[in-house]
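These notes are about the structure you will find just below.
Protein chains: 2
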Amino acid sequence: MAQPVAATKILLPETEMPTRWYNILADMPSPPDPPLHPGTGRPAGPQDLAGIFPMDLILQEVSGDRWVEIPEPVLDVYRLWRPTPLYRAHRLERDLGTPAHIYYKYEGTSPAGSHKPNTSVAQAYYNRKAGIRRLATETGAGQWGSALAFAARQFDLEIRVYMVKVSYDQKPYRRLMMETWGGEVVASPSQLTRSGRQVLERNPDSPGSLGIAISEAVEEAAGRPDTNYSLGSVLNHVLLHQTIIGQEARKQFALVGDYPDVVVGCCGGGSNFGGLAFPFLHERFTGNAPKAVRFVAVEPAACPTLTRGTYAYDFGDTAGFTPLLKMYTLGHTFIPPGIHAGGLRYHGVSPIVAKLVKDRHVEARAYGQVGVFESAVRFARTEGIIPAPEAAHAVKGAVEEALAAKREGTPRTILFGLSGHGHFDLTAYDQYLRGELQDYEYPAARVREALQALPVVPQA
Amino acid sequence: MAQPVAATKILLPETEMPTRWYNILADMPSPPDPPLHPGTGRPAGPQDLAGIFPMDLILQEVSGDRWVEIPEPVLDVYRLWRPTPLYRAHRLERDLGTPAHIYYKYEGTSPAGSHKPNTSVAQAYYNRKAGIRRLATETGAGQWGSALAFAARQFDLEIRVYMVKVSYDQKPYRRLMMETWGGEVVASPSQLTRSGRQVLERNPDSPGSLGIAISEAVEEAAGRPDTNYSLGSVLNHVLLHQTIIGQEARKQFALVGDYPDVVVGCCGGGSNFGGLAFPFLHERFTGNAPKAVRFVAVEPAACPTLTRGTYAYDFGDTAGFTPLLKMYTLGHTFIPPGIHAGGLRYHGVSPIVAKLVKDRHVEARAYGQVGVFESAVRFARTEGIIPAPEAAHAVKGAVEEALAAKREGTPRTILFGLSGHGHFDLTAYDQYLRGELQDYEYPAARVREALQALPVVPQA
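Keeping their order, the protein sequence lines are chains A and B.
So that you can map any letter, position 85 of the first sequence is 85 in my numbering, and since no number is skipped, the others follow by simple counting.
So that you can map any letter, position 187 of the second sequence is 187 in my numbering, and since no number is skipped, the others follow by simple counting.
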């Protein structure tokens, strides 16, 4: 293999941007178990989702086709920031004194500052194509809501975002970003839905939760024919849309004649990890990988779905509205501790990623947030970019790989996904720098309790 | 000239990044008048600046060389984000219904989110090379301070940033960014300097001002042999470092076979405008421009230095520490109204830019901030990127050019500089969207008063 060149950024021209998404379901040696209808225990069909998703996305959810053409109007919006740069982290390598080559694929150049627009743009397009005029969604700290607000504007859709009230009050910047793009943002729980009103009746001062916000958005979408619901992770079609990340990275490695020994991504619902890793797993599954590559999904020790969860059928949401998904889960009633990486505070994970971990194609690791922020600050001070707390977990995973290479005195090529910038997360850095950031104990008792509340799967 | 291709982003590979800065002093048909020592009225010499600047920068300040080699360690840091993309604003063009081609050079991809690191990195390098261990500077809302904190970290310099107290309290995010990069941020006025203590004695609750913060930083640099001072605009060497912007844009236009009819930049101290425009002015001055290009500097109507100021010798700072600079000025004691574009709230302007306006090589226009934000929101909703309030002035200038082309039914190629993103300025957008943003009357009386306080130039 040729020596890597000394470039810092490896750029693809727009003409080299991938024009198809990659569907890993076509190549998995053993596919994941199907989602089940919670009432019947039978596999959930398109009719179970047709009230809130457009048919194109439902068909992508169950498609076995290896490649899915990206519609031209979606490519046209992607071109506003894609292809994204692949960086060689020369300065971080030097600072670590490692023989490893560290590369990172940076998704923070999108208008919303994360990888989320890769799917929000596609979802907005398919909804518009289906004649839908409005979208409803939920958001915690605002990453997903801002990505969908941006995308909705590109396709002249109205959008209402139910934003968890405590974030709505405490993190106004992402809300203002959504409003600047023309989105309507509502603090959840709200008076606009039955589920919101029920919560407020019991507790007028409720700070809200992602579970409540999902309930409000789904209720609105189910109740209005002009409105659909949009989800930012977990589902197969969402991960499908994210595979443009890894496909670009694959081409960029070819430009410099290198190839990763290990691919590292942070993992909450799994769309960032899958988007980066699946195109490299494709090469493994089809026997075309030039190396035995390891894949590492990094999660927070406070919400260790892959490393401590149970592989079982569970609801995707707290309220129990979704089909049952076979995945690693900490229990859908489990509420994770308040770590800063809000995007990784999820009790479950994509069924595809779960199956890949179960079958040992993918390793999982969990780190506490203090160590994660230590790595993130080291990264910011060498490479300049301040990572989002979620992305900081991948930084930590990559740093650990680089330090292992140093101990062993062997070269190693590391690719990690830097899924977003931390411009709206600087108070977390402030806490870390003041020594006030805490690691949470693994909440074993609460997980045990939540696992006892796993749904019983009806016999079909 | 060839037809432009349909690309959205025009990217330069790293190998095409310019390796020299362009010094317009070598080509100006009529050079600016020299800075004068305020005590003697004689041209200020290197010895007047040697206490707070390294000799390499002082020599660049007075150099007549057309090209200045960029040191390799500076190029090496530039590669973290340079070359920056040139965008064709297809979506904005469509939204405006204009026959114009609109291009923008986007500097918000730097770690600090603006063009400022082009000079902060160079200044940190030359100070380090001169054996300096610490830098002191001032910052208002934090753009310059964060750029210098990032650069200082790259060259292992300590840095103290005097941040205007009202911003320190109200805009914590840029402060946190500086601290994440390892900078020390002090609310100004502070107890650390004599000038700070004097202000606090008179008014313990002083909100601070840029003038006071400059005084504190200069006092510290003058009093400590290990510490120098750094300035983010106005001076010749600062504008020199920014010319990498326009040189890249020139190469990017060549890639698509187009050339601007008009170059638009926002103008406060002038470093962003100069950085973009000077390499194109070079082609005019040397007879190599393929067209008669117009150059438009856009400033706020509330601080209309170029359009309403007096061309005269004045101090560069409020306190009167600097040499006298020949420039357009509203008077160094003039305090501009509190518009959101903090980077454009400056009473003076670069002497080079001033001379170019005086000699009619550059046009100047002033816009009120309500119209500016209207254009910025239109830009954000079409192109995705949310502009910084300063950059939004250039957006407004470009939109006006595009609408003029539409009225006249003639094509026009517009290049404007999008000098930074607005991630830390979203409260300004909030005010605009709520209809609470106000335009300020031109403060004619206060300007008249300040102009009466212009310094008397001693007869040399």
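Note that CB positions come from ideal geometry on N, CA and C, so glycine has one too.
Problem - Stretch-stretch touch, CB-based, cutoff 8 Å, three pairs: the stretch 218-237 of chain A with the stretch 389-398 of chain A - result: Result no; under three Cβ-Cβ pairs closer than 8 Å.
Practice task
Per DSSP, which residues does Ala-136 (chain B) bridge with? Please list them.
Solution key: On the second sequence, residue 136 (chain B) is found 136 positions in, with the first residue counted as 1. Paired residue(s): B:Arg-160, B:Tyr-229.
Exercise for the section: Please name the residue or residues paired with Ser-188 (chain B) in a DSSP beta bridge. Expected result: Here residue 188 (chain B) refers to the residue found at position 188 when the second sequence is read from its first residue. The partner list for Ser-188 (chain B) (beta bridge, DSSP) reads B:Val-164.
Practice task
Give a yes or no on whether the minimum CB-CB distance between Trp-21 (chain B) and chain A is below 8 Å.
Solution key: One-based indexing of the second sequence puts residue 21 (chain B) at position 21. Put simply, the CB of Trp-21 (chain B) is far from chain A, with every gap to its CB atoms at 8 Å or more.
Exercise for the section: State the start and end residues of the unbroken alpha helix (DSSP H) segment that holds Ile-212 (chain B). Expected result: On the second sequence, residue 212 (chain B) is found 212 positions in, with the first residue counted as 1. Taken as a continuous stretch (DSSP letters only), the alpha helix (DSSP H) holding Ile-212 (chain B) covers 210-223.
Exercise for the section: To the nearest angstrom, report how far apart Gly-131 (chain A) and Trp-21 (chain A) are at their CA atoms. Expected result: Translated into positions along the first sequence, residue 131 (chain A) becomes position 131. Translated into positions along the first sequence, residue 21 (chain A) becomes position 21. Gly-131 (chain A) and Trp-21 (chain A) have their alpha carbons spaced roughly 23 Å apart.
Practice task
Work out the CA separation of Gln-247 (chain A) and Gly-140 (chain A) for me, nearest whole Å.
Solution key: For the purposes of this step, residue 140 (chain A) is taken as residue 140 along the first sequence, with counting starting at 1. For the purposes of this step, residue 247 (chain A) is taken as residue 247 along the first sequence, with counting starting at 1. Each residue's Cα considered, the two are about 29 Å apart.
Practice task
Using alpha carbons as the reference points, say which of B:Gln-154, B:Gln-143, B:Phe-155, B:Phe-315 lies closest to Tyr-162 (chain B).
Solution key: Taking the first residue of the second sequence as 1, we reach residue 162 (chain B) at position 162. Of the candidates B:Gln-154, B:Gln-143, B:Phe-155, B:Phe-315, the one whose C-alpha sits nearest the C-alpha of Tyr-162 (chain B) is B:Gln-143.
Handout entry: Opening and closing residue of the alpha helix (DSSP H) in which Phe-379 (chain A) lies
Key = Numbered from 1 along the first sequence, position 379 holds the residue referred to as residue 379 (chain A). Per DSSP, the unbroken alpha helix (DSSP H) holding Phe-379 (chain A) starts and ends at 369-383.
Practice task
Answer with yes or no whether the minimum CB distance from Ile-159 (chain B) to chain A is below 8 Å.
Solution key: Taking the second sequence and counting its residues from 1, one reaches residue 159 (chain B) at position 159. Chain A contact via Cβ: absent.
Problem - Continuous beta strand (DSSP E) stretch holding Arg-294 (chain B): start and end - result: For the purposes of this step, residue 294 (chain B) is identified with residue 294 of the second sequence, where counting begins at 1. Taken as a continuous stretch (DSSP letters only), the beta strand (DSSP E) holding Arg-294 (chain B) covers 294-300.
Problem - Through-space distance from Val-263 (chain A) to Gly-275 (chain B), alpha-carbon basis - result: Stepping through the second sequence from its first residue, residue 275 (chain B) is reached at position 275. Stepping through the first sequence from its first residue, residue 263 (chain A) is reached at position 263. Roughly 40 Å between the two C-alpha positions.
Exercise for the section: Could you check what DSSP says for Ala-147 (chain A) in three-state terms: helix, strand or coil? Expected result: Within the first sequence, the letter at position 147 stands for residue 147 (chain A). DSSP, reduced to helix, strand and coil, places Ala-147 (chain A) within a helical segment of the structure shown.
Exercise for the section: With 8 Å as the threshold, decide whether the Cβ of Tyr-104 (chain B) is near any Cβ in chain A. Expected result: Within the second sequence, numbered from 1, the residue matching residue 104 (chain B) stands at position 104. The beta-carbon of Tyr-104 (chain B) is placed no less than 8 Å from the nearest beta-carbon of chain A.
Handout entry: Buried versus exposed call for Ala-2 (chain B) [16 or more other C-beta atoms within 10 Å across all chains shown]
Key = Residue 2 (chain B) sits at position 2 when you count from the first residue of the second sequence. Unreliable placement is indicated for Ala-2 (chain B), whose pLDDT of 38 sits below 50; the coordinate value is still reported in the next sentence. With a threshold of 16 other beta carbon atoms within 10 Å, Ala-2 (chain B) falls short and is exposed.
Problem - Proximal chain B residues relative to Phe-273 (chain A), where beta-carbon distance stays under 7 Å - result: To locate residue 273 (chain A), count along the first sequence from 1; it is residue 273. The CB of Phe-273 (chain A) never comes closer than 7 Å to any CB in chain B; the least such distance is about 25 Å.
Exercise for the section: Have a look at the DSSP bridge pairing and note the partners of Ser-114 (chain A). Expected result: For this step, residue 114 (chain A) is matched to residue 114 along the first sequence. For Ser-114 (chain A), which the question treats as bridged, DSSP gives the partners A:Gly-420.
Exercise for the section: In angstroms with no decimal places, state the Cα-to-Cα distance between Pro-172 (chain A) and Gly-257 (chain A). Expected result: Counting from one through the first sequence, the residue named residue 172 (chain A) turns up at place 172. Counting from one through the first sequence, the residue named residue 257 (chain A) turns up at place 257. Whole-angstrom Cα-Cα distance: 44 Å.
Handout entry: Residues of its chain near Arg-197 (chain A), where Cβ-Cβ distance is below 7 Å and the 5 sequence neighbours each way are ignored
Key = Locating residue 197 (chain A) in the first sequence gives position 197, counting from the first residue. In its chain, beyond the 5 residues on either side, Gln-191 have a beta carbon closer than 7 Å to the beta carbon of Arg-197 (chain A).
Practice task
Note down the Cα distance separating Ala-312 (chain B) from Leu-418 (chain A), rounded to an integer number of angstroms.
Solution key: Here residue 312 (chain B) corresponds to residue number 312 of the second sequence, with the count starting at 1. Here residue 418 (chain A) corresponds to residue number 418 of the first sequence, with the count starting at 1. Distance between Ala-312 (chain B) and Leu-418 (chain A), taken at the CA atoms: about 51 Å.
Practice task
Give the secondary structure of Glu-69 (chain B) by DSSP, where H, G and I count as helix, E and B as strand, and everything else as coil.
Solution key: The residue labelled residue 69 (chain B) in the question sits at position 69 within the second sequence. Strand, per DSSP.
Practice task
Report the rounded CA-to-CA distance for Pro-83 (chain A) versus Ile-245 (chain A), giving the unit in angstroms.
Solution key: Walking along the first sequence from the start, residue 83 (chain A) turns up at place 83. Walking along the first sequence from the start, residue 245 (chain A) turns up at place 245. Here the alpha carbons of Ile-245 (chain A) and Pro-83 (chain A) stand approximately 8 Å from one another.
Exercise for the section: Specify the secondary structure class of His-340 (chain B) as computed by DSSP and reduced to three states. Expected result: Stepping through the second sequence from its first residue, residue 340 (chain B) is reached at position 340. The DSSP-derived three-state label of His-340 (chain B) is coil.
Handout entry: Euclidean distance between Cα positions of Ala-136 (chain A) and Ser-167 (chain A)
Key = Counting from one through the first sequence, the residue named residue 136 (chain A) turns up at place 136. Counting from one through the first sequence, the residue named residue 167 (chain A) turns up at place 167. In a straight line, the C-alpha of Ala-136 (chain A) is about 18 Å away from that of Ser-167 (chain A).
Practice task
Answer yes or no: does any C-beta atom of chain B fall closer than 8 Å to that of Tyr-173 (chain A)?
Solution key: Position 173 of the first sequence, counted from the start, is the residue given in the question as residue 173 (chain A). Interface criterion met: the Cβ of Tyr-173 (chain A) is under 8 Å from a Cβ in chain B.
Exercise for the section: Compute the beta-carbon to beta-carbon distance between Thr-413 (chain A) and Tyr-346 (chain A), rounded to the nearest angstrom, for a pair I have assumed lies under 8 Å. Expected result: As a position in the first sequence, residue 413 (chain A) is number 413, starting the count at 1. As a position in the first sequence, residue 346 (chain A) is number 346, starting the count at 1. About 30 Å; that fails the 8 Å criterion.
Handout entry: Identity of the residue in A:Val-298, A:Pro-300, A:Phe-280 nearest Ala-292 (chain A) by Cα
Key = Indexing the first sequence from 1 puts residue 292 (chain A) at position 292. Taking only the C-alpha atoms, the option nearest Ala-292 (chain A) is A:Phe-280.
Exercise for the section: Quick one: measure Cβ to Cβ for Ser-215 (chain B) and Ser-230 (chain B), integer angstroms, because I've assumed they're closer than 8 Å. Expected result: Looking up residue 215 (chain B) in the second sequence gives position 215. Looking up residue 230 (chain B) in the second sequence gives position 230. Ser-215 (chain B) to Ser-230 (chain B), Cβ: 15 Å. No contact.
Practice task
Return no unless some Cβ of chain A is closer than 8 Å to the Cβ of Val-377 (chain B).
Solution key: Against the second sequence, residue 377 (chain B) aligns to sequence position 377. Cβ-Cβ to chain A under 8 Å: yes for Val-377 (chain B).
Handout entry: Rounded straight-line distance, which links the Cα of Lys-251 (chain B) to that of Phe-315 (chain B)
Key = Position 315 of the second sequence, counting from 1, holds the residue named residue 315 (chain B). Position 251 of the second sequence, counting from 1, holds the residue named residue 251 (chain B). One Cα belongs to Phe-315 (chain B), the other to Lys-251 (chain B), and the distance between them is close to 37 Å.
Problem - Counted within 10 angstroms of its Cβ, other Cβ atoms place Gln-369 (chain B) as buried (16 or more) or exposed - result: Along the second sequence, one-based indexing puts residue 369 (chain B) at 369. Gln-369 (chain B) should be labelled buried.
Exercise for the section: Report all residues from its chain with a CB closer than 6 Å to the CB of Leu-415 (chain B); omit the five preceding and five following residues, and keep chain order. Expected result: Along the second sequence, read from residue 1 onward, the residue named residue 415 (chain B) stands at position 415. These residues qualify, in order along the chain: Tyr-103, Pro-260, Val-263.
Handout entry: is_contact[His-423 (chain A), chain B] using C-beta, thresh 8 Å
Key = Walking along the first sequence from the start, residue 423 (chain A) turns up at place 423. So, interface residue.
Handout entry: C-alpha distance - Pro-34 (chain B) paired with Pro-323 (chain B), whole-angstrom precision
Key = The residue given as residue 34 (chain B) occupies position 34 in the second sequence. The residue given as residue 323 (chain B) occupies position 323 in the second sequence. Approximately 10 Å between the Cα atoms of the pair.
Handout entry: Bounding residues of the beta strand (DSSP E) (the contiguous stretch that carries Leu-324 (chain B))
Key = As a working mapping, residue 324 (chain B) is identified with position 324 in the second sequence. Unbroken beta strand (DSSP E) run through Leu-324 (chain B): 324-329.
Practice task
Could you list which residues in chain B have their beta carbon closer than 9 Å to that of Arg-133 (chain A), in chain order?
Solution key: To locate residue 133 (chain A), count along the first sequence from 1; it is residue 133. Contact note: Arg-133 (chain A) does not reach chain B at a C-beta cutoff of 9 Å; the least C-beta distance is about 17 Å.
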